[in-house]
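Here the structure is laid out as structure tokens; the discussion comes afterwards.
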Amino acid sequence: MPPPPPVPNTNSLVSGPMKSVEGWVIFVTGVHEEAHEDDIREAFSDYGRIKSIVMNADRKSGLAKGYALVEFIERNEAQDAINALHGKPLLGQKIGVHWAFCKSNSTR
Numbered sequence: 001m002p003p004p005p006p007v008p009n010t011n012s013l014v015s016g017p018m019k020s021v022e023g024w025v026i027f028v029t030g031v032h033e034e035a036h037e038d039d040i041r042e043a044f045s046d047y048g049r050i051k052s053i054v055m056n057a058d059r060k061s062g063l064a065k066g067y068a069l070v071e072f073i074e075r076n077e078a079q080d081a082i083n084a085l086h087g088k089p090l091l092g093q094k095i096g097v098h099w100a101f102c103k104s105n106s107t108r
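Here the sequence shown is numbered in UniProt numbering, starting from 1 and rising by one per residue.
As structure tokens, then:
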């Protein structure tokens, strides 16, 4: 069996964050299943004005699916939240915080 292909260097494929239609969206992973929108708002509002928060819940249990999208009005506010909260605990569970949309360096 041949070895798997190498993992692409994402630094060469991604050139930076990209604005959504009206704001700067960050993707939050590792969200505790019992987290609510208010928990996300409380943690992220220290870094700027939040335009919207989207959290999906499991249809059967009603618990959070483990991720959230947080939209900030200003790019620097979103970046501050990423820098401050990535890898930090939220409700006792470590979260990941990244840009939801990134520009591609690809010329396809």
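For every residue, glycine included, the Cβ atom is placed at its ideal position computed from N, Cα and C. Since this is a predicted model, take the numbers as computed values, not measurements.
| message | Quick check on L90: does DSSP put it in helix, strand or coil? | response | strand
| query | Rounded to a whole number of angstroms, what is the C-alpha to C-alpha distance between R75 and R59? | reply | 33 angstroms
| How many Å lie between L63 and E33 at the Cα? | 5 angstroms
| What did DSSP end up calling residue 109 once you bin it into helix, strand or coil? | This structure leaves residue 109 out entirely; the chain is present only between 1 and 108.
| Collapsed DSSP secondary structure at F44 in the structure displayed | Looking at F44 - three-state DSSP - the assignment turns out to be helix.
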